[in-house]
Amino acid sequence: MMEVTGPVAKRILVTGGSGLVGRAIEKVVADGEGRPDEKWIFVSSRDADLTNAAETKALFEQHKPTHVIHLAAMVGGLFKNIRYNLDFWRRNVYINDNVLHMAYETGVQKVVSCLSTCIFPDKTTYPINESMVSISSPMHNPGVEVLTLLNSLLPCPQIHNGPPHSSNFGYSYAKRMIDIQNRGYFEQHGCRFTAVIPTNVFGPHDNFNIEDGHVLPGLIHKVYLAKQTGSALTIWGTGKPRRQFIYSLDLARLFLWVLREYDEVEPIILSVGEEEEVSIREAAEVIVEAMDFRGELVFDTTKADGQFKKTASNAKLRRYLPSFQFTPFRQAVKETCAWFSANYANARK
5 MMEVTGPVAK RILVTGGSGL VGRAIEKVVA DGEGRPDEKW IFVSSRDADL TNAAETKALF
65 EQHKPTHVIH LAAMVGGLFK NIRYNLDFWR RNVYINDNVL HMAYETGVQK VVSCLSTCIF
125 PDKTTYPINE SMVSISSPMH NPGVEVLTLL NSLLPCPQIH NGPPHSSNFG YSYAKRMIDI
185 QNRGYFEQHG CRFTAVIPTN VFGPHDNFNI EDGHVLPGLI HKVYLAKQTG SALTIWGTGK
245 PRRQFIYSLD LARLFLWVLR EYDEVEPIIL SVGEEEEVSI REAAEVIVEA MDFRGELVFD
305 TTKADGQFKK TASNAKLRRY LPSFQFTPFR QAVKETCAWF SANYANARK
């Protein structure tokens, strides 16, 4: 909990406060982005099991938040998702429903939840953006008429217009439901619940577990170990899939803006530009350079690649914040590698 002096108008509860994005928000607030009328409360699974309705209620009654940044989730990389799709669905649905319903019941003024670009359909057009609508179909088909009507009623229709990639369908569908709930709470109760859709996030305090973490922190850990042992660096997959990476500290600054200024129920994509998209191979090469690894790179093509791309447009964000400066990818990777090396003993891995 971050103490403030003077009158407090906002009590901001951050669920998942000990994770990658939560720690980044905490740092940004502590480094001067916080305001005198804000009291920030960062909680983790040690404070409450958010899959449990009673514990969630007790947490809200204890802290009495006026605003919530909802980050808590069961998360993991490609291979963990493949193994535990059902668990990802069930745990995240419970967490999200409990948090949003308690926010409604206790009169929280605004909730900002965190989604992911993996929620968009696997088969779609690129770049992904918030304003995409379903493709028109012949109106003589009653089934198509119903689907078109339903899509028109959804807050962000494109994310519901087809199944997500099969590798992480449990997580993706659970996150999609936040969009449905936000619209429902707004239409039925007037709640100001919204969501952000970041691309691949990385930075200090990430989960650097090679088996279960996301691709970039997993690669950082692999490079660290390969350098220590003098062995080759083995990269799972072909290295061809492409991703847009956003530094956690940049995302944290954008979260503060969304909480304070963004008033739409429709989610907003928080991402670097399309031109910043890189392949996994290119990302690995940046890490190799940052950690001064001079060994061989080997691609294990027996491992799955996952979704080839999920290119997102940040045009809407740029309309709101045309001058926002993202940390250059190489610099952000270098800072993350330095943090991991310095904190290896205690880093999540």
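Counting from 5, one number per residue, gives the positions in the sequence shown under my numbering. Note that CB positions come from ideal geometry on N, CA and C, so glycine has one too. All values derive from a computational prediction rather than experimental measurement.
Does DSSP put residue i in a helix, in a strand, or in coil?
{"i": "E42", "result": "strand"}
{"i": "V269", "result": "coil"}
{"i": "N133", "result": "coil"}
{"i": "D254", "result": "helix"}
{"i": "N211", "result": "strand"}
{"i": "R196", "result": "strand"}
{"i": "R27", "result": "helix"}
{"i": "S176", "result": "helix"}
{"i": "F64", "result": "helix"}
{"i": "N350", "result": "coil"}
{"i": "S170", "result": "helix"}
{"i": "A57", "result": "helix"}
{"i": "S282", "result": "Per the sequence presented here, residue 282 reads as Val, with Ser not at that position. Three-state result, V282: strand."}
{"i": "T331", "result": "coil"}
{"i": "G80", "result": "coil"}
{"i": "M181", "result": "helix"}
What does DSSP give as the partner residues of residue i in its beta bridges?
{"i": "V72", "result": "L17 and V115"}
{"i": "W343", "result": "Beta-bridge pairing links W343 to no other residue."}
{"i": "N204", "result": "F249"}
{"i": "F4", "result": "Outside the shown range of the chain (5 to 353) lies residue 4, about which nothing can therefore be said."}
{"i": "A308", "result": "DSSP output for A308 lists no bridge partner at all."}
{"i": "L274", "result": "P202"}
{"i": "A107", "result": "According to DSSP, A107 bridges with nothing at all."}
{"i": "A316", "result": "I132"}
For residue i, I'd like the list of residues in its chain whose CB is within less than 7 Å of its CB, leaving aside the five on either flank, ordered along the chain.
{"i": "D254", "result": "F330 and T331"}
{"i": "K338", "result": "A294"}
{"i": "K307", "result": "W240 and G241"}
{"i": "F173", "result": "N89 and P167"}
{"i": "A356", "result": "Because the chain spans 5 through 353 in this model, residue 356 falls outside it and cannot be assessed."}
{"i": "G26", "result": "V18, G20, F46 and L75"}
{"i": "G277", "result": "N318"}
{"i": "L54", "result": "T19, T60, A76, I99, N102 and V103"}
{"i": "M106", "result": "T60, K61 and F64"}
How many whole angstroms separate the CB atoms of residue i and residue j, which I take to be in contact at a CB cut-off of 8 Å?
{"i": "A336", "j": "G207", "result": "7 Å"}
{"i": "Y175", "j": "T315", "result": "Not a contact, Cβ separation roughly 20 Å."}
{"i": "A52", "j": "L63", "result": "4 Å"}
{"i": "L321", "j": "L274", "result": "6 Å"}
{"i": "A178", "j": "W93", "result": "5 Å"}
{"i": "F249", "j": "F333", "result": "6 Å"}
{"i": "I1", "j": "L229", "result": "Given that the chain is displayed from residue 5 to residue 353, the structure contains no residue 1 and the question cannot be resolved."}
{"i": "H67", "j": "C122", "result": "About 30 Å; that fails the 8 Å criterion."}
{"i": "F297", "j": "V227", "result": "5 Å"}
{"i": "G234", "j": "G299", "result": "7 Å"}
{"i": "H193", "j": "Y266", "result": "With a Cβ gap of about 19 Å, H193 and Y266 do not count as contacting."}
{"i": "L119", "j": "I182", "result": "6 Å"}
{"i": "I16", "j": "P69", "result": "7 Å"}
{"i": "H71", "j": "K14", "result": "5 Å"}
With a threshold of 8 Å on Cβ separation, who are the neighbours of residue i within its own chain once the five nearest residues in sequence on each side are excluded?
{"i": "H225", "result": "F212, N213, I214, G217, F344 and K353"}
{"i": "F312", "result": "K244, P245 and R246"}
{"i": "N85", "result": "F92, S171, N172, G174 and Y175"}
Excluding sequence positions up to five away, which residues of its chain have a Cβ less than 6 Å from the Cβ of residue i?
{"i": "L157", "result": "Because the pLDDT at L157 is just 47, under 50, the model does not fix this residue reliably, and the point stays unresolved."}
{"i": "P202", "result": "I250, L255 and L274"}
{"i": "Y348", "result": "none"}
{"i": "S22", "result": "S48"}
{"i": "P146", "result": "In this prediction, P146 scores a pLDDT of 45, lower than 50, which makes its location untrustworthy; the coordinate-derived value is nonetheless stated afterwards. Closer than 6 Å at the Cβ level, and outside the excluded window around P146, lies no residue."}
{"i": "T238", "result": "V302 and D304"}
{"i": "A288", "result": "L223 and I239"}
| message | When you compare the segment 75 to 84 with the segment 208 to 220, are there three or more beta-carbon pairs, one atom per stretch, that lie closer than 8 Å? | response | yes
| Cβ contact (3+ pairs, closer than 8 Å) linking the segment 94 to 114 and the segment 40 to 50 | no
| task | For the segment 194 to 208 and the segment 115 to 127, state whether three or more C-beta atom pairs, one from each stretch, are separated by less than 8 Å. | result | They touch, by the three-pair rule.
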